[in-house]
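Peer 1: In our numbering, the protein residues as written are 122 to 248. If you scroll down you'll find the structure; I have some questions about it.
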Amino acid sequence: LLPPKLPREIALEELERIGCEIERMSPYQFSIRVSDILRKYVTQQYGLPATRQTSIEFLTALAKASPFSTEEKSLLEDFLSRCDLIKFARYEATTSDSKLLLGEAIRFVKGGEIATAEPEISRLRST
C-alpha cells in the first residue's frame, strides 16, 4: 500500500496535467481551473477556507493571521488578482497569461521557489 499523497503532491500533479492542456483551453477556462487547483491546495494543506470565499474575503483574512511568508502572501495575492481580472473584468487574456498563472501557481505550491520566470510579470497590472 502506498501512503496517501500530500496536498502539495496532488496539486503539483494537477498543475502539470492542466499545463499540458494550456494550448487547447481558453485563458478564461484555464484561469478558473488553475485557481480551483490552488484554492483546493490551500484548503487541504493549511485548513483555510479558500474554496468558500471570494478572493477579497480570503486575502483580508490572510492579512489578519497567515501561515504564509510575506513573499508567499504577495505571490498568492498577485495570482488571485490576475485570475479575477480574467474571470470578472473581461480582461482579454492570452496563452501567455495562462502560462504566467501556471508558473505562479507552481511556484506558490513549491513554497515560493522560482519555477519559471516570465518576462511579462507586470503586464497585467499595467492594463
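Note that CB positions come from ideal geometry on N, CA and C, so glycine has one too.
If we count the other Cβ atoms within 10 Å of its Cβ and call it buried at 16 or more, is Phe209 buried or exposed?
Peer 2: Phe209 is exposed by the Cβ-count criterion.
Peer 1: To the nearest angstrom, report how far apart Ile143 and Ala186 are at their CA atoms.
Peer 2: Rounded to the nearest angstrom, the two C-alpha atoms are 34 Å apart.
Peer 1: Tell me the residue span of the alpha helix (DSSP H) that contains Ala182.
Peer 2: That run of the alpha helix (DSSP H) goes 176-185.
Peer 1: Note down the Cα distance separating Leu122 from Tyr212, rounded to an integer number of angstroms.
Peer 2: Leu122 and Tyr212: Cα-Cα distance of roughly 47 Å.
Peer 1: Distance, Cα to Cα, Ile131 vs Gly232?
Peer 2: Taking the straight line joining both Cα atoms gives about 14 Å.
Peer 1: Along the chain, where does the alpha helix (DSSP H) that runs through Arg154 open and close?
Peer 2: Unbroken alpha helix (DSSP H) run through Arg154: 148-167.
Peer 1: One question on the structure: do Arg154 and Ala171 come within less than 8 Å of each other, judged by their Cβ atoms?
Peer 2: Against a cut-off of 8 Å, the Cβ pair of Ala171 and Arg154 comes out as no contact.
Peer 1: Can you tell which of Leu201, Pro188, Glu193 has its C-alpha closest to the C-alpha of Asp157?
Peer 2: Out of Leu201, Pro188, Glu193, Leu201 has the C-alpha closest to the C-alpha of Asp157.
Peer 1: May I ask you to verify whether the segment 171-181 touches the segment 125-141, counting CB pairs closer than 8 Å and requiring at least 3?
Peer 2: Touching, no.
Peer 1: For Ile131, does the three-state DSSP call read helix, strand or coil?
Peer 2: Reduced to three states, the DSSP call for Ile131 is helix.
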